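Asker:
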Amino acid sequence: MKGSEMGSKKYDMVIKGGRVIDSALGFGKDAHLFIKDKKIAAIEPDSPAIQRVLKTFDDDQVVDASGKLVVPGLIDVHVHLREPGNEGAETIESGCQAAAAGGFTAVCCMPNTRPRIDSQETVKFVQDRAKNKDARVYVAGAITKNIEGQELAEIGDLVKMGAVAITDDGYFVQNPAIMRRALEYAKMFDIPVMQHAEDSFLSKGGIMNESFQSSRLGINGLPAVAEEIAVLRDIALCRVTGSRLHIQHISTKRAVEAVRQAKKEGINVTTEACPHHFVLTDDEIGKEFNTNLRVHPPIRGVEDRDAVIEGLVDGTIDCIASDHAPHSAEDKDAEFDRAPAGMIGLETTLGLVKTYLIDKAYLSWADAIRKMTINPARIFGFRGGTLAVGSVADITIINPDKRWTVKAENFRSRSKNSPYIGYKLSGKAAGTILGGRVVSSK
Amino acid sequence: MSGLSSRHLLGLESVPREDISMILDATETFREVLDRTIKKLPTLRGITVLNLFYEPSTRTRISFELAEKRLSADTVNFTTSTSSVKKGESLRDTVQNIEAMKIDMAVVRHSSSGVPYFLTQCMDANIINAGDGAHEHPTQALLDMFTIRRKYKKLDGLRVVLVGDVMHSRVIRSNIWGLKTMGASVALCGPSTLLPYDVEKFDCDVYTNMDEALEGADVVNIMRIQLERQQAGLFPSQREYTNLFGMNKERLRHLNRNYTIMHPGPMNRGVEISSEVADSDNAVILDQVTNGQAVRMAVLYLLSGRKEEGQ
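Protein chains in written order, with the numbering used here: chain A, 1 to 442; chain B, 1001 to 1311.
(1) Are the CB atoms of Gly221/A and His276/A within a distance shorter than 9 Å?
(2) Which one of Arg414/A, Met13/A, Lys402/A has the shortest CA to CA distance from Leu425/A?
(3) Please tell me whether Ala1134/B has its Cβ less than 9 Å away from any Cβ of chain A.
(4) In chain order, what residues of the same chain have a beta carbon less than 6 Å from the beta carbon of Gly73/A, not counting five sequence neighbours either side?
(5) Go through its chain and collect everything with a Cβ distance to Glu1065/B's Cβ below 8 Å, but skip five positions before and after it.
(6) If we define contact as Cβ-Cβ less than 9 Å, is Ser1083/B a contact residue for chain A?
(7) Whole angstroms are fine: how far does the CA of Lys1039/B sit from the CA of Glu1068/B?
(8) Alpha carbon to alpha carbon, what distance is there between Arg116/A and Gly156/A?
(9) What does Lys1040/B reach in chain A if we use C-beta pairs closer than 8 Å?
(10) Does any CB atom of chain B fall closer than 9 Å to the CB of Asp333/A?
(11) Below 6 Å CB to CB, which residues in the same chain sit around Leu1188/B once its five sequence neighbours on both sides are set aside?
(12) Please classify Ser440/A: does DSSP put it in a helix, a strand, or coil?
(13) What distance in whole Å lies between the Cβ atoms of Val79/A and Leu54/A, which are believed to be in contact at a cut-off of 8 Å?
(14) Report the option in Gly1046/B, Asp1218/B, Ala1026/B, Val1271/B whose CA atom is closest to the CA atom of Asp1156/B.
(15) Exposed or buried, which one is Met188/A when buried takes at least 16 other CB atoms within 10 Å?
(16) Kindly indicate which three-state DSSP category Ser1083/B falls into: helix, strand or coil?
(17) I need the DSSP call for Asp1033/B, collapsed to helix, strand or coil.
(18) Does any residue of chain B bring its CB to less than 9 Å from the CB of Ser214/A?
(19) Assuming Gly149/A and Asn175/A are in contact, meaning their beta carbons sit under 8 Å apart, how far apart are those beta carbons, in whole angstroms?
(20) Check each residue of the stretch 1160-1189 of chain B: if its Cβ is closer than 7 Å to any Cβ of chain A, include it; give the result in chain order.
(21) So, is Ser440/A buried or exposed, given that buried needs 16 or more other C-beta atoms within 10 angstroms?
(22) Find out if the Cβ-Cβ distance for the pair Ala197/A, Asp234/A is shorter than 9 Å.
(23) Three-state secondary structure (DSSP) at Pro1138/B?
(24) Since Asp46/A and His32/A should fall inside the 8 Å C-beta cutoff, what is the C-beta to C-beta distance between them, to a whole number of angstroms?
(25) Determine whether the Cβ of Ser1005/B lies closer than 9 Å to any Cβ atom of chain A.
(26) Could you tell me if Asn1209/B is buried or exposed, where buried requires 16 or more neighbouring beta carbons within 10 angstroms of its beta carbon?
(27) Could I get the ranges of all uninterrupted beta strand (DSSP E) runs contained in the stretch 1244-1277 of chain B, with 3 residues as the minimum, in chain order?
(28) Classify Arg1059/B as helix, strand or coil using the three-state DSSP reduction.
(29) Kindly indicate if chain B contains any beta-carbon less than 9 Å away from that of Ser251/A.
(30) Contact criterion: CB-CB distance below 9 Å. Does Glu1055/B meet it with respect to chain A?
(31) DSSP on Ile175/A, reduced to helix/strand/coil?
(32) Taking just the CA atoms, how far does Ala321/A sit from Leu293/A?
(33) Could you tell me which residues DSSP pairs with Glu303/A in its beta bridges?
(34) Beta-carbon of Phe57/A versus every beta-carbon of chain B: anything under 9 Å?
(35) Less than 7 Å between C-beta atoms, sequence neighbours within five positions excluded: which residues of the same chain meet that for Glu303/A?
(36) Going along chain B, which residues have a C-beta under 9 Å from Asp306/A?
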C-alpha cells in the first residue's frame, strides 16, 4: 500500500505500535491496525511511509498501543446478566460495562433469568435492552419450557428471534429421552446444545466438591462422578444424533478425558473451562468459609484442576468462559450452605488467564487468545473473533504485564462476589473497542 | 498459668495438645465443685453469655446454661428454628443486634458448618461452638476425653472406637482430632455408605465390620443413628443396622478387660446400643453428662475476658 493512499480521511482510527495477535490467522506481529466504517481496514507493519501516514491522523483518532497486545475482542460464552428478574445483582447494562472493563466485546447470556428466556418475547427483551451497550450480547435460549426439564421449549421460535444456542444452565437435563430430542431438534437449526453436565440425583444436596475437604468440614459433597456420568451420557447421545454438544464449565479429570476421547472419535463435542476450575482448589473453603467460593460445579481438588489445565493445553477444552454469576452482597453474606452458588468473573478472567496459565507457561498468548476469540466465535457463530481485514472492529488492547490487585470497589459489575478480591494479578485489559468505538480504556 | 492459644473454641482440629490438657486439667477442678453441696462459684460474675441455638437441642443447651449459672454468669437464650429465621433477618443482623445488647460470650449451635467462624467475623464476643453442621462439636469431644482420662488416668496409647454415622457426625470429627492430638489410637466403624469420602485421610483405622473394630479396644463410643439416614437410602433398615453395628452383650468379648462404653445421647435403646450394655457397670453414659457441665465450665472460664489483642 502506498503512503499516499493512507490518510486519516481514509481511516477512522488507528491502533498504533502494538503487537497484533490473531489466532485465527495465526500471527503475532508488531503492526499498526487501521479501522474504517466499524471494520478492520488494514494491518500494516511499521515503515517510514506508514509513519508519515500516522502523522496525518488527529490525536483523537489514535490509540497508542505501544508495549501492548492488540487482539480480537474477547468473547465469553457463559455469563449471567440477571435481567430480567434480578436487576439488584446485575443488569444487562452493568454486565456489559463489566465485560468491556474486562476486555470482552461479546458475551453469551444464559436463560435462567426470571422469567426464563424460553420464548421469543424474552429473547427480544434481552436484545432490546442490550442495544447500544458496551458489549454485544448473544442470547442462549432454554432447552425446555421454564427450564423444568419436561417439555422442549419452542426452539425454532427462539432461533428465529436470534438465540445462538440452547441450554438449561443451572440445571442438568436429567431425562435422557428429552436430551436426545433436544439434540435432534437443535440439529435442524445447526445450533449447539449447551449442557450443565451434572447428574442431579448424584449431585442432590451437594454444596462443595466431594473430597477429604468436604469430609473434614462436614459439608455435603458434590461428587465428580456426577459430572462424569452426565458428560458420558451426553456424548453417547451426541454419537447417536450427530448433533452439536457443548459441555459447559467442565471441572473434572474424567469429564475432560471423556471429551478428549469423544473428539478423537470425531463426535461433535466442544467444551469450556472457567478460571475457578484452573486456579482454585477446594482446600480454600475451610479457611474462612468464604461464600464466594461456593459455585456449581464446585471448585475441585488438585488432580481435577491439573486435568482442566491439561485439557486447555492439549486443546481438548476449546473455550475459556467465566460463568459470571452475580449475586448481591446480601444474598452472599450468609451461612456457607445457604448462600447462592456462583461468582462474578468478567473482570478477572483475563488477569487469571495471564497469571495462572500464561505466566506458568501452560499456554502461549496465542493459545489463550484462541480460546477467548476465534474458538467461541466459530462454535457459536458470532461475529468477530479475528482481526482479518473486513472483520468487525471488535478489538481488545491488553497490557500484558500490568500488575494489579483485585479490589471490590473497582468492579463495574453491580455485584462484588469474587473470591479473588485481594489477589495480585498480572495482565489487564487496557482498552476495549466495540465496532470501532472505544468502550473502555485505562 | 498462661492461657489458651485462641480466644474462641471453634473446633478441635487445630487446637494444640497443651490447650487440650489445660482444659482437661481445669475441668478436674470444676468437676470437684459439682460434688459439693454449694455448686456455685463467682468466677464469671458480671459476664453475660448468650446461648444462640439455631437447632433444637435440650441436653447441650441445658448443660451450657447450668455451667454458666454455676459460674455466676448472666445468661440469655436465643432459640429459634432456622426456617423461621430464614424468612426474616440475616444471621449477621441477628447476631449484631444481640451483641448490641453487650454480650461477652456466645455459645452457638447451627445446622450449617462454619457458622461459629462466621460469628467471630461479625461480633467481638468469645465464641464457643456447641455444634455446627456435621463439622465439629468440640465440648462434646472434650467431655468424652475427660471421662476417659478420669478413668484411665491417661489418653495416650488407649484404643478408642467411634461407631456410627461417621459421615454426618460432628461428635466423631471432634473426637478424632482431639483423641489423635492426645496420642490415643482411633478407630472408626460404620456402614460404608455412612463413611465420608476419603475417610482414610483422617488417618484412623477404618472398619465396616463391628466385631473386627472392637477387637482389643479400650473404649467404645457409640453414636445415635438417625432414622432419616435410612429414609435417605443410606442403609436398608434399622433392623439390619442393629444386626451389623448394634452394640450388644455378645460383642463385649472383643474388648479389653477394663473396657468403657460411651454414648453422647440421646440413645436409641435396642438400635445402636442394647439396654444391657447401656446399663452395665462399664457404661459411663451418665458420667459423661455430669462431666459435660464441668468441661463447659472450664471452657467458659478459660476463654472469658480474652480480648482480640490477646490472640
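No residue lacks a Cβ here, since even glycine has one placed at the ideal position from N, Cα and C.
All of these numbers come straight from a predicted model, not from anything done at the bench.
Answerer: Let me spell this out:
(1) In this structure, His276/A lies away from Gly221/A, with their beta-carbon atoms at least 9 Å apart.
(2) Selected option, being the one with the closest Cα: Lys402/A.
(3) True, the Cβ-Cβ gap to chain A drops below 9 Å.
(4) Cβ neighbours of Gly73/A within its own chain (closer than 6 Å, five residues either side excluded): Thr105, Gly384, Asp394, Ile395, Thr396.
(5) Excluding positions up to five away in sequence, the list reads Asn1051, Thr1075, Asn1077.
(6) Here Ser1083/B scores only 49 on pLDDT, less than 50, and its place in the model should not be relied on; the value that follows carries that caveat. Cβ-Cβ to chain A under 9 Å: no for Ser1083/B.
(7) Our two residues, Glu1068/B and Lys1039/B, have alpha carbons roughly 12 Å apart in a direct line.
(8) It is roughly 16 Å from the alpha-carbon of Gly156/A to the alpha-carbon of Arg116/A.
(9) The contacting residues do not exist; Lys1040/B stays about 36 Å from chain A at best.
(10) Put simply, the CB of Asp333/A is near chain B, with a gap under 9 Å to one of its CB atoms.
(11) In chain order, Leu1162, Val1166, Cys1204, Val1206 place their CB closer than 6 Å to the CB of Leu1188/B, counting only its own chain and leaving out the 5 sequence neighbours on each side.
(12) Residue state, collapsed to three classes: strand.
(13) With 8 Å as the limit, Leu54/A and Val79/A do not qualify as a contact, their Cβ atoms being about 37 Å apart.
(14) With distances taken between Cα atoms, Asp1156/B lies closest to Asp1218/B.
(15) Met188/A comes out exposed.
(16) Note that Ser1083/B has pLDDT 49, beneath the 50 cutoff, so the model's placement of it is unreliable and no number is given.
(17) Here residue 1033/B is Val; the residue named in the question, Asp, does not match the sequence. It is helical.
(18) At least one chain B Cβ lies under 9 Å of Ser214/A.
(19) Here Gly149/A really is in contact with Asn175/A; their C-beta atoms are around 6 Å apart, less than 8 Å.
(20) Of all residues in the stretch 1160-1189 of chain B, Arg1170, Arg1173 have a Cβ within less than 7 Å of some Cβ in chain A.
(21) It is buried - the Cβ of Ser440/A has at least 16 other Cβ atoms within 10 Å.
(22) A contact, by the Cβ cut-off of 9 Å.
(23) Helix.
(24) The pair is a contact, with the Cβ atoms about 7 Å apart (cut-off 8 Å).
(25) Chain A contact via Cβ: absent.
(26) Asn1209/B comes out exposed.
(27) As far as the stretch 1244-1277 of chain B is concerned, its whole beta strand (DSSP E) runs of at least 3 residues are 1260-1262.
(28) If DSSP states are grouped into helix, strand and coil, Arg1059/B belongs with the helices.
(29) No, Ser251/A lies away from the interface with chain B (no Cβ there is under 9 Å from its Cβ).
(30) Judged by the 9 Å Cβ criterion, Glu1055/B is not in contact with chain A.
(31) Just to set this straight, residue 175/A is Asn in the shown sequence, not Ile. Looking at Asn175/A - three-state DSSP - the assignment turns out to be coil, as it is neither helix nor strand.
(32) Separation of Leu293/A and Ala321/A (C-alpha to C-alpha, rounded to the nearest whole angstrom) is 17 Å.
(33) DSSP, once it has assigned bridges, lists no residue as partnering Glu303/A.
(34) Chain B, which has no Cβ nearer than 9 Å to the Cβ of Phe57/A, makes this no.
(35) So the list reads Lys253, once near-sequence residues are dropped.
(36) What Asp306/A touches in chain B: nothing, since even the nearest Cβ is about 17 Å away.
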